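Engineer: Chain order of the listed sequences is A and S. Per the numbering used here: the first sequence = residues 161 to 354. Per the numbering used here: the second sequence = residues 39 to 210. Where a beta carbon is used, it is the ideal one built from N, C-alpha and C, also for glycine. Computed from a prediction, not measured in an experiment: that's the story for all the values here.
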Amino acid sequence: MLDPIDVFNTFAPHRGNAIVTSAGTAGRHWQDVSDQPARDIALGGAMGHTTSAAFGLALGLPDEKIVLFDAEGSLLMNLGVIASIAGKRPKNFIHFVLDNECYATTGGQPVPNSAEIDYAAMAKGAGYTAAYNFDDLEDFATSIEDIMNEDGPVMVSIKIQPEVQNLPIGLRERRVTRSRAETINDLRAELGIS
Amino acid sequence: MVQQQPQILRPETLVEEFKKNGVTHIITIPDSETNYLYELMLEQDWLDVVPVSREGETMGVALGLNVAGKVPVCLIQNTGMMESGDSIRGMALDSGFPLVMVIGYRGWTRWGNTPDTAATYTEPFLNAFRINYYLVEHDEDGDRISEAFAEARDTNRPVVVLVGDEYHGFNR
Numbered sequence: 161m162l163d164p165i166d167v168f169n170t171f172a173p174h175r176g177n178a179i180v181t182s183a184g185t186a187g188r189h190w191q192d193v194s195d196q197p198a199r200d201i202a203l204g205g206a207m208g209h210t211t212s213a214a215f216g217l218a219l220g221l222p223d224e225k226i227v228l229f230d231a232e233g234s235l236l237m238n239l240g241v242i243a244s245i246a247g248k249r250p251k252n253f254i255h256f257v258l259d260n261e262c263y264a265t266t267g268g269q270p271v272p273n274s275a276e277i278d279y280a281a282m283a284k285g286a287g288y289t290a291a292y293n294f295d296d297l298e299d300f301a302t303s304i305e306d307i308m309n310e311d312g313p314v315m316v317s318i319k320i321q322p323e324v325q326n327l328p329i330g331l332r333e334r335r336v337t338r339s340r341a342e343t344i345n346d347l348r349a350e351l352g353i354s
Numbered sequence: 039m040v041q042q043q044p045q046i047l048r049p050e051t052l053v054e055e056f057k058k059n060g061v062t063h064i065i066t067i068p069d070s071e072t073n074y075l076y077e078l079m080l081e082q083d084w085l086d087v088v089p090v091s092r093e094g095e096t097m098g099v100a101l102g103l104n105v106a107g108k109v110p111v112c113l114i115q116n117t118g119m120m121e122s123g124d125s126i127r128g129m130a131l132d133s134g135f136p137l138v139m140v141i142g143y144r145g146w147t148r149w150g151n152t153p154d155t156a157a158t159y160t161e162p163f164l165n166a167f168r169i170n171y172y173l174v175e176h177d178e179d180g181d182r183i184s185e186a187f188a189e190a191r192d193t194n195r196p197v198v199v200l201v202g203d204e205y206h207g208f209n210r
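#1: Which residues in chain A have a C-beta closer than 9 angstroms to the C-beta of residue 129/S? List them in chain order.
#2: Using a Cβ cut-off of 7 angstroms (strictly closer), state whether residue 243/A contacts chain S.
#3: Can you pull the chain S residues whose beta carbon is under 8 angstroms from the beta carbon of residue 247/A, in chain order?
#4: Run through chain A and tell me which residues come within less than 9 angstroms of residue 132/S, C-beta to C-beta.
#5: Tell me the rounded alpha-carbon separation between residue 240/A and residue 95/S.
#6: Could you check if residue 218/S is buried or exposed, using at least 16 other CB atoms within 10 Å of its CB as the buried criterion?
#7: Please check if any C-beta of chain C sits within less than 7 angstroms of the C-beta of residue 123/S.
#8: Given a cut-off of 7 angstroms on the beta-carbon distance, is the pair residue 159/S and residue 202/S in contact?
#9: Residue 163/S and residue 129/S - do their beta-carbons sit closer together than 7 angstroms?
#10: Does the distance from the CB of residue 256/A to the CB of residue 193/A come in under 7 angstroms?
#11: To which residues of the same chain is residue 212/S closer than 6 angstroms at the C-beta, ignoring the five residues directly before and after it?
#12: With H, G and I counted as helix, E and B as strand and the rest as coil, what does DSSP make of residue 115/S?
#13: Give the residues of chain S in contact with residue 348/A, contact being defined as C-beta atoms less than 8 angstroms apart.
#14: Tell me whether the stretch 282-296 of chain A and the stretch 210-222 of chain A touch, counting them as touching only if at least three CB pairs, one residue from each stretch, are closer than 8 angstroms.
#15: Closer than 7 angstroms, CB to CB, is residue 95/S near chain A or not?
#16: Measuring only between beta-carbons, confirm whether residue 180/A sits less than 7 angstroms from chain S.
#17: What's the C-alpha gap between residue 72/S and residue 79/S?
#18: At least one CB of chain A closer than 7 angstroms to the CB of residue 174/S: is that the case?
#19: Would the beta-carbon of residue 109/S fall within 7 angstroms of that of residue 60/S?
#20: When you compare only the Cα positions, how much space is there between residue 85/S and residue 274/A?
#21: Which residues, taken in chain order from the stretch 214-234 of chain A, show a beta carbon closer than 8 angstroms to some beta carbon of chain S?
#22: May I have the straight-line CA-CA distance separating residue 246/S from residue 65/S, to the nearest angstrom?
#23: Is the CB of residue 98/S under 7 angstroms away from at least one CB in chain A?
#24: Please tell me whether residue 240/A has its Cβ less than 7 angstroms away from any Cβ of chain S.
#25: Below 8 angstroms on the Cβ atoms is my guess for residue 304/A versus residue 170/A; work out the distance and round it to an integer in Å.
#26: Whole angstroms is fine: what's the gap from residue 209/S's alpha carbon to residue 50/S's?
#27: Three or more C-beta pairs under 8 angstroms: does that hold for the stretch 191-206 of chain A against the stretch 263-277 of chain A?
#28: Which residues in chain A have a C-beta closer than 7 angstroms to the C-beta of residue 195/S? List them in chain order.
#29: Under the three-state reduction of DSSP, which class applies to residue 319/A: helix, strand or coil?
#30: Is the shortest distance between the beta-carbon of residue 277/A and the beta-carbons of chain S less than 7 angstroms?
Following this line, the structure appears as structure tokens:
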């Protein structure tokens, strides 16, 4: 299993100008790595629907590359979305799934069939143009450049180490620096969308 | 004796209202009575139809499209709307953007009582979420659709158009 920070550090040099959004416990680390915060957007807010919103963004901005760092627990809550995405075939959409095999934010309970489920196989079966599994950082590092140059929708499922949260919600460190509305406004300003 | 054609809500009326209000995308799951509307929408070169797998996806996809400067509409049935409660809350209401949701009002009758609980709970559901709605039954109600768009734009909130006749006129 990979450290999610290593995943982000390996991805970052290959980002280009992609718009990036993330979900889940591990996704919070992206803001510490990103060097283009105006092109980072928060689209969470309803269980499993960051994926839907990122899909909508990809449809609405066909000339921009859209990268989603999804979480497997989140994706499972809205799994039909992979068929919806495949049906519209957004060439500009790269869909990472950071798979820690559990609901880290609620204490680490396993997601259904956590060790055996194959998200990349499901995405390929749904109609994504390509799908990959990684459980080794070097393999990921040698593949990411080619993946970022592929036509989407592409799924990249990566096994990561869980960061299990056990503190009561009110005692946890808040890491959000900008609200969802602020990220939306910043991205629109960056893209010149009124 | 010439039998008068019953008043109906024509699918063309919906599509005309969409065009008038600058709609760019329809995110939808077809319901049992909307096939002709679906085909009509596919024929419009200014409109992109986005089929999804579950109704709750529609509000999230709409948020992404709105961020991109597009004008999305969610077109689903009341049963799916109720399934979508958390998405309506977190994606539509909390995001604060203008969104018209066109909802097929399965089970609705003009005389009020219905054996279909999909209808029984539709308006209480919308009232619980404090979402305003406009009922349309036939072509003469078409202006209400534009009123819904205007209210959504003015308030940056979701507004619902309840389609009481599901485009065919059989509910009378």
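Structural biologist: Taking the geometry as given:
#1: 203, 205, 206, 209, 212, 213
#2: yes
#3: 89
#4: 205, 206, 340
#5: 9 angstroms
#6: Absent from the structure is residue 218/S, since the part of chain S shown begins at 39 and ends at 210.
#7: In the displayed structure, chain C is absent; the protein chains listed are A and S.
#8: no
#9: no
#10: no
#11: With chain S covering 39 to 210 only, the question about residue 212/S has no answer from this structure.
#12: strand
#13: 105, 107
#14: no
#15: yes
#16: no
#17: 11 angstroms
#18: no
#19: yes
#20: 40 angstroms
#21: 214, 215, 216, 217, 218, 219, 220, 221
#22: Residue 246/S lies beyond the stretch modelled for chain S, which goes from 39 to 210, so this question has no answer here.
#23: yes
#24: yes
#25: 6 angstroms
#26: At residue 209/S the pLDDT is 49, less than 50, meaning the model places this residue with poor confidence; the figure from the coordinates comes in the next sentence. Cα to Cα, residue 209/S sits roughly 19 angstroms from residue 50/S.
#27: no
#28: Within 7 angstroms Cβ-Cβ: nothing; residue 195/S doesn't reach chain A, min ~14 angstroms.
#29: strand
#30: no
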